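To start, the structure itself, in structure tokens.
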Amino acid sequence: MRKRERGREIKGKKTKEKPRAKIYIFAEGDTEEIYLKHFEVKEYNAEVIAKDPKCTDAVGIVARARNFMKEEKLDLELGDRVYCVFDSDPLSNPNIQLAFDMIRGMAEEGMRCIFSNPSFEVWFILHLKERVPYGLTAIQLKEHLRRALKPVFPNYSETTDIFDWLRDKQSLAYERAIRLHNSQQEVYKRVLSHECNPYTNMFRFIEYMESIKKTASRG
Numbered sequence: 001m002r003k004r005e006r007g008r009e010i011k012g013k014k015t016k017e018k019p020r021a022k023i024y025i026f027a028e029g030d031t032e033e034i035y036l037k038h039f040e041v042k043e044y045n046a047e048v049i050a051k052d053p054k055c056t057d058a059v060g061i062v063a064r065a066r067n068f069m070k071e072e073k074l075d076l077e078l079g080d081r082v083y084c085v086f087d088s089d090p091l092s093n094p095n096i097q098l099a100f101d102m103i104r105g106m107a108e109e110g111m112r113c114i115f116s117n118p119s120f121e122v123w124f125i126l127h128l129k130e131r132v133p134y135g136l137t138a139i140q141l142k143e144h145l146r147r148a149l150k151p152v153f154p155n156y157s158e159t160t161d162i163f164d165w166l167r168d169k170q171s172l173a174y175e176r177a178i179r180l181h182n183s184q185q186e187v188y189k190r191v192l193s194h195e196c197n198p199y200t201n202m203f204r205f206i207e208y209m210e211s212i213k214k215t216a217s218r219g
């Protein structure tokens, strides 16, 4: 059976299937994939498709995503994008600036990154607190989050799905992430770096998904 094109009329129905943006996620860990998959909801009219990067270092993730983009034609007008999701981790990502350079080189073709320092848990903590502790390692930050969540999720682990519990706090986290970005920009020449800790640009992903929602509502 031939694959139906996005937006093509469905036989037997008078209306057309509304085309959905495809958001491809190349993430280094389960935590990010579990969380981001929740953005595949009707209001965003987008598919969130997790792809296995088969590596955990930033340069490897971006290279894998770039190769994928050479084979998979993105519909940029519809809103398709590829997101490379990784943390700082100086040990596994010594050439992290090379990864950012590669992403910038693919920006016009639809590649972006979700970067967190020291780990993606910065975004979770911003749902709970105004500020994230400065200078912690990823292990220390994850333990900080576990303690904060213990009253609600006593057995919390990195594969625990807490999206629904965090949902009503998302707007707070968004505002706090922007404030963190602005304050860190005053201190660091590059916020996308090993030095800028704590940091997350997850708010950029939220903004993009909201823009897709507006486009879908106009359609």
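With UniProt numbering, the residue at position 142 of the sequence shown is 142, and numbering never jumps. Beta carbons are placed, not taken as given, at the ideal position from N, Cα and C, and that holds for glycine. Predicted model only: the values in this text are computed from it and were never measured.
Contact set for residue i: own chain, Cβ-Cβ below 8 Å, skip 5 residues either direction
i: Lys150; result: Tyr156
i: Thr159; result: Asp30, Thr31, Ile34
Contact under 8 Å by Cβ, residue i with residue j
i: Ser119; j: Lys142; result: yes
i: Ala21; j: Asn45; result: yes
i: Leu36; j: Ile49; result: no
i: Asn93; j: Ala58; result: yes
i: His127; j: Lys169; result: yes
Cβ-based burial, residue i [other Cβ within 10 Å; buried from 16]
i: Pro198; result: buried
i: Ile212; result: buried
i: Arg112; result: buried
i: Glu175; result: exposed
i: Val85; result: buried
i: Glu81; result: Correcting the residue type first, residue 81 is Arg in the shown sequence and not Glu. Buried is the call here.
i: Leu180; result: buried
i: Val187; result: exposed
i: Trp123; result: buried
i: Gln184; result: buried
Unbroken beta strand (DSSP E) run spanning residue i, endpoints
i: Lys150; result: Counting along the chain, Lys150 falls outside any beta strand (DSSP E), and DSSP gives it neither H nor E.
i: Arg190; result: First-last for Arg190: undefined, no H or E at that position.
i: Ser116; result: 111 to 117
Neighbourhood of residue i by C-beta distance below 6 Å, restricted to the same chain and skipping five residues each side
i: Met209; result: Phe39, Tyr44
i: Gln140; result: none
i: His194; result: Ser88, Pro90
Inter-residue CB distance, residue i and residue j (contact presumed, cutoff 8 Å)
i: Ile125; j: Leu145; result: 6 Å
i: Arg204; j: Cys196; result: Their Cβ separation, rounded to whole angstroms, is 15 Å, which puts Arg204 and Cys196 out of contact at 8 Å.
i: Leu78; j: Pro19; result: 6 Å
Residue i: first and last residue of the uninterrupted alpha helix (DSSP H) it sits in
i: Ile34; result: 30 to 36
i: Ala173; result: 170 to 185
7 Å CB neighbourhood of residue i in its chain, flanking five on each side removed
i: Leu136; result: Pro118, His144
i: Ile61; result: Phe26, Glu28, Pro53, Cys55, Cys84, Phe86
i: Phe153; result: Thr160, Ile162
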